[in-house]
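For reference, each letter of the sequence shown is one residue, going 122 to 188 in this note's numbering. Even for Gly, the Cβ is constructed at its ideal location relative to N, Cα and C. Just so we're clear, the structure is a prediction, and the values are computed from it rather than from any experiment. Everything below concerns the one structure shown next.
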Amino acid sequence: MLIQIIKRTRLAVNPADISAMFIYTVNHDPVLQVRMRDGDNYRVQHAPHCHDGDDVYQVHKLLLEAQ
Numbered sequence: 122m123l124i125q126i127i128k129r130t131r132l133a134v135n136p137a138d139i140s141a142m143f144i145y146t147v148n149h150d151p152v153l154q155v156r157m158r159d160g161d162n163y164r165v166q167h168a169p170h171c172h173d174g175d176d177v178y179q180v181h182k183l184l185l186e187a188q
């Protein structure tokens with residue numbers, strides 16, 4: 122099952138291939154970082170106020186529930 126993590130680019134990942142994920146803050150804005158087993162890193166900016174923006178807390182929750 123694939124979970125879309127970035128709406129703007131329609132990037133989706135398989136939760137089974139995630140090695141680590143965490144939320145950290147840059148300039149008071151939350152960022153979700155997803156590390157894949159093959160070494161790829163994806164950073165998702167928190168922008169729920171934009172029409173194609175992502176809510177990192179919702180994406181994090183979806184990924185945790187899917188694992």
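Checklist entry - Would the beta-carbon of VAL177 fall within 7 Å of that of HIS170? => result no
Item to check | Residues bridged to ARG158 [DSSP beta-bridge criterion] | outcome: In DSSP, ARG158 forms no bridge with anything.
Item to check | ILE144 versus LEU185 - alpha carbon distance | outcome: 13 Å
Next on the checklist: In the DSSP output, which residue or residues are listed as bridge partners for MET142?
Outcome noted: VAL155
Checklist entry - Between the beta-carbon of ARG164 and the beta-carbon of VAL152, is there less than 7 Å? => result yes
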